[in-house]
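Using full-length UniProt numbering, read the sequence shown as starting at 1 and increasing by one per residue.
No residue lacks a Cβ here, since even glycine has one placed at the ideal position from N, Cα and C.
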Amino acid sequence: MPRKITRLDPPFLRRIRLRDDAELPARYPFAVDWLRPDFELEFDTPITILVGENGSGKSTLIEALAALAGFGALGGSRDHRGAGADGAVGGAELADIFRAGWLPKLGHGWFFRAETFFQVARYMDDMRSPSADFLSHSHGEGFVRLFAERMRRQGLYLLDEPESALSPRRQLELMRFLHRMQQGDAPSQIVMATHSPFLVMQPGARVLEIDRRSIREVEPHRTGHFRLYQDFTADPEGAVAEMLAHDEALDW
Numbered sequence: 001m002p003r004k005i006t007r008l009d010p011p012f013l014r015r016i017r018l019r020d021d022a023e024l025p026a027r028y029p030f031a032v033d034w035l036r037p038d039f040e041l042e043f044d045t046p047i048t049i050l051v052g053e054n055g056s057g058k059s060t061l062i063e064a065l066a067a068l069a070g071f072g073a074l075g076g077s078r079d080h081r082g083a084g085a086d087g088a089v090g091g092a093e094l095a096d097i098f099r100a101g102w103l104p105k106l107g108h109g110w111f112f113r114a115e116t117f118f119q120v121a122r123y124m125d126d127m128r129s130p131s132a133d134f135l136s137h138s139h140g141e142g143f144v145r146l147f148a149e150r151m152r153r154q155g156l157y158l159l160d161e162p163e164s165a166l167s168p169r170r171q172l173e174l175m176r177f178l179h180r181m182q183q184g185d186a187p188s189q190i191v192m193a194t195h196s197p198f199l200v201m202q203p204g205a206r207v208l209e210i211d212r213r214s215i216r217e218v219e220p221h222r223t224g225h226f227r228l229y230q231d232f233t234a235d236p237e238g239a240v241a242e243m244l245a246h247d248e249a250l251d252w
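See the structure below:
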């Protein structure tokens, strides 16, 4: 008699909060104002999208979630941790002061990082992954192939700025891929940090905008990144002229 497959409904990671005995030293990655003694973040939808400027802590938060799930800090899963040393990544330190609430905790999942894609892909090619040979494709094509192989099963998938490896068209294809995956028999939980005005519009996603002071829920078209692109495409020449006319010092 065929084994009955039990459908689990995401989200599986329901919340994170600070441990009661957590200490917050005045240094990275702890020196962000939203990380207070009463910090608690709930995940109440299958897809959560984190947006914010560089330095807001969104990628560090993703790294902490990866550590809590047992994934390799430079990308990978519980079974693929050969991409490099984990100790230099700040999110792992955050994970040490977090307590996670799971219902249930799944063993399957993956942590995608565009910046370490080649390291992870080389490791998987060396390990003769079923759909290996990622490095014979372009960066974007290899990244899409990695998505297609790794995200076949129900699990927790963490994506850190995937748009940096994808063209705008590929970003829309990723959106379609994620949507179809959620409509299938085994929907997964996805937490994604992004700057992309396309990916922030992922259907059904809860969008959290992070700055150094707070984490707040926001409508996708109200995010700073979306409004910036919207203003630019409405009047490209005017937007460029206005930007070049500013004489204040750059913040980088």
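Can you tell which of the options has the C-alpha that lies nearest to the C-alpha of residue i?
{"i": "leucine 159", "options": "Pro11, Ile49, Ala26, Arg169", "result": "Ile49"}
{"i": "isoleucine 210", "options": "Ile97, Phe43, Glu242, Asn54", "result": "Asn54"}
{"i": "arginine 27", "options": "Leu94, Gly52, Leu13, Ile62", "result": "Leu94"}
{"i": "glycine 70", "options": "Val207, Tyr157, Ala239", "result": "Tyr157"}
{"i": "proline 37", "options": "Val191, Arg17, Ser77, Met243", "result": "Arg17"}
{"i": "histidine 225", "options": "His246, Val200, Arg212, Ala245", "result": "Val200"}
{"i": "proline 220", "options": "Arg212, Asp231, Gly204, Ser214", "result": "Gly204"}
{"i": "phenylalanine 143", "options": "Arg153, His246, Ala165", "result": "Ala165"}
{"i": "aspartate 44", "options": "His246, Pro25, Leu244, Leu208", "result": "Leu208"}
Around the C-beta of residue i, are 16 or more other C-beta atoms found within 10 angstroms, so that it is buried, or is it exposed?
{"i": "glycine 184", "result": "exposed"}
{"i": "glutamate 40", "result": "exposed"}
{"i": "proline 236", "result": "exposed"}
{"i": "threonine 233", "result": "exposed"}
{"i": "histidine 195", "result": "buried"}
{"i": "serine 167", "result": "exposed"}
{"i": "valine 240", "result": "exposed"}
{"i": "glycine 52", "result": "buried"}
{"i": "serine 59", "result": "buried"}
{"i": "glycine 72", "result": "buried"}
Under 7 Å, do residue i and residue j count as touching if we go by C-beta distance?
{"i": "alanine 193", "j": "glutamate 173", "result": "no"}
{"i": "proline 104", "j": "proline 46", "result": "no"}
{"i": "proline 29", "j": "glycine 75", "result": "no"}
{"i": "glycine 101", "j": "arginine 206", "result": "no"}
{"i": "arginine 222", "j": "aspartate 33", "result": "no"}
How many Å lie between residue i and residue j at the Cα?
{"i": "arginine 113", "j": "glutamate 149", "result": "15 Å"}
{"i": "glycine 155", "j": "leucine 178", "result": "13 Å"}
{"i": "arginine 180", "j": "isoleucine 97", "result": "35 Å"}
{"i": "arginine 99", "j": "arginine 19", "result": "6 Å"}
{"i": "serine 56", "j": "threonine 116", "result": "20 Å"}
{"i": "serine 136", "j": "arginine 170", "result": "Low local confidence applies: a pLDDT of 49 at serine 136 is under 50, so the model's placement there is unreliable, and no value is given."}
{"i": "arginine 7", "j": "alanine 186", "result": "7 Å"}
{"i": "histidine 189", "j": "phenylalanine 147", "result": "What sits at residue 189 in the sequence shown is glutamine, not histidine. Cα to Cα, glutamine 189 sits roughly 14 Å from phenylalanine 147."}
{"i": "phenylalanine 198", "j": "valine 218", "result": "15 Å"}
{"i": "leucine 244", "j": "alanine 92", "result": "40 Å"}
{"i": "glutamate 23", "j": "glutamate 242", "result": "45 Å"}
Quick check: does the Cβ of residue i come within less than 6 Å of any heavy atom belonging to the ligand SAM?
{"i": "alanine 241", "result": "For the structure depicted, the ligand SAM is absent and the ligand set is empty, with no information on it obtainable."}
Exercise. Would you say the region 55-69 touches the region 96-109, given that touching needs at least three Cβ pairs under 8 Å?
Worked result: yes
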